[in-house]
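Numbering (the working numbering), first residue to last: 1 to 245.
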């Protein structure tokens, strides 16, 4: 069975076509339209998938949403969705569907042990699932681009620097000083969070993902597993779980 997983994020939409656990096709757009979805689908399989699952952090295009609801066996991550993990969050109505999906993928990939998902996107989001499969929450901090913009917007003279890797720890220009502060600050933050979660359970598995993960992968002191599209993978797992119950 071919099915769709759609992750509408703050700055980018990702669409994955899956057959069971195998990713057949992936595309990314700033704004997903019905015309683009139909074009990609026709080019890939020439027919509609049988099921679709949606995670969105903002309003979905109404035409696209109507099409999804009436053309597929449709799942939307929300209050009535069933998950392979238990939700122990104290305010589940405020919990982002992308966080649930990322936590689900991390827990199942860990072999059903304690798991920490770190998603480096517009924000850096930490999601923790304990060894009993209970999602307990995590943390949210500003992402890479958000930090660079904040330095520019809330200071008189600091320039807006596009993100890029630097070779030296010590910034010897204003540009490299900003980049060193932001990039290394995030690296220290991520390592610090991993260390703290590891004190709760030393068998922790950590998964790094998101559009900015390449800036930090390989620079952390802690061992991690890199999964670029962890939200899509989690959505796929949630869809399969609901299809089988």
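No residue lacks a Cβ here, since even glycine has one placed at the ideal position from N, Cα and C.
Check                                                                                                                                          : Outcome
Following the continuous alpha helix (DSSP H) through residue 150, name the residue where it begins and the one where it ends.                 : 144 to 153
Would you kindly check if the distance between the Cβ of residue 10 and the Cβ of residue 122 is under 8 Å?                                    : yes
Flag this pair as yes or no: are the beta carbons of residue 115 and residue 107 separated by less than 8 Å?                                   : yes
Here's the rule I'm using: 16 or more other beta-carbon atoms within 10 Å means buried, otherwise exposed. How should residue 154 be labelled? : exposed
Could you pull the start and end residues of the alpha helix (DSSP H) that residue 105 belongs to?                                             : 97 to 109
Which residue comes first and which comes last in the beta strand (DSSP E) that contains residue 51?                                           : 51 to 56
For a minimum of 4 consecutive residues, which ranges assigned as the alpha helix (DSSP H) are wholly contained in the region 157 to 216?      : 174 to 200
Taking all protein chains shown into account, decide if residue 104 is buried (16 or more other Cβ within 10 angstroms of its Cβ) or exposed.  : buried
For residue 98, count neighbouring Cβ atoms within 10 angstroms of its own Cβ and tell me buried if that reaches 16, exposed if not.           : buried
When we look at the beta-carbon of residue 35 and count the other beta-carbons within 10 Å, is it buried (16 or more) or exposed?              : exposed
Along the chain, where does the beta strand (DSSP E) containing residue 75 start, and where does it finish?                                    : 73 to 76
Where residue 82 and residue 157 are concerned, what is the direct C-alpha to C-alpha distance, given to the nearest angstrom?                 : 50 Å
How about residue 88 and residue 136: are their beta carbons less than 8 Å apart?                                                              : yes
Who are residue 13's beta bridge partners in DSSP?                                                                                             : 8 and 29
Quick check on residue 42: does DSSP put it in helix, strand or coil?                                                                          : helix
Mapping DSSP to helix, strand and coil, what is residue 220?                                                                                   : coil
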